Each structure stands twice: as C-alpha cells, then as structure tokens.
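Residue numbers (our numbering): 612 to 751.
Here's the structure, in structure tokens; my notes come after.
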C-alpha cells in the first residue's frame, strides 16, 4: 500500500462530486480528523469506542471487511457542530458532505492501516498525505 493508492481510492469516491466539492478542502477535512492534534487514528478509534461504536472503527483497521458507518453514527461520534464546520471548510452543505464522509472515512482509515494495526507506518503515511495535501492546496 502506498500513498498513490490511497489518493486513487479517495479520488474515486470524491471524483463523482468534483463539480460540487473542492476535493482538496474535503480531503483536508477528513485528514484533519486523523491528525496528531486530534489523536491520530488511535484517537479516532477511541472516539468511536466512547460512543459504543468501537467495532465499526476497528473493522476499518483490521484486514477483514470494513463495516459501514452511517451519517447518524458520525453525528453521534463527532457532533453536528463539528461536522458542520468540516462541511463548511470543504465548501459544501452538511447534507452533501455526510454521504461523502461515510464513504471516505472507512476507506482512508483502511488504506492507512494495511497491516491491520495502527503503527509507525500508518502514522508515516498519514504525515505524507498531509504533506501532499498541503502542497496541493498551495497550488490551487
């Protein structure tokens, strides 16, 4: 698993909405959820665990099938205010943002944890992704 494969996966999910969404801003919102400032991937799992949804997030990390996540579950974990701020940052309304996030978040976490665990490789890939995203956003 490399960074290009991660970006291709994100592009396939987001590409169908490219006319409606600033893909760079949307990716920035999702990657921001996973940043070290927010506890990284482990912090995300903890947030899901605290809301009784740990097995959902853990399925994205495992090498098995990813469990789906609903807009309602994401609202339960993050709160409508935070999700609204992320949608605003991405330049779209919350109703359009939520289906994208329910598709993108499991895929991104899955791709960042190809060995079925959160480790230095996962964190390195996340940092690379944030760096690439930063470069992309400076050009646009």
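Here a beta-carbon is modelled for each residue, glycine too, at the ideal position from N, C-alpha and C.
Keep in mind that this is a model prediction, so the values were computed, not measured.
{"Check": "Helix, strand or coil at residue 717 according to DSSP, with G and I counted as helix", "Outcome": "helix"}
{"Check": "Helix, strand or coil at residue 703 according to DSSP, with G and I counted as helix", "Outcome": "coil"}
{"Check": "DSSP state of residue 729 mapped onto helix, strand, coil", "Outcome": "coil"}
{"Check": "Range of the contiguous alpha helix (DSSP H) that encloses residue 657", "Outcome": "651-661"}
{"Check": "Pair within 9 Å by beta-carbon distance, residue 651 and residue 658", "Outcome": "no"}
{"Check": "Contact set for residue 691: own chain, Cβ-Cβ below 8 Å, skip 5 residues either direction", "Outcome": "705"}
{"Check": "Rounded Cβ spacing between residue 670 and residue 661 (contact assumed at less than 8 Å)", "Outcome": "That pair is no contact at about 17 Å."}
{"Check": "Pair within 9 Å by beta-carbon distance, residue 640 and residue 700", "Outcome": "yes"}
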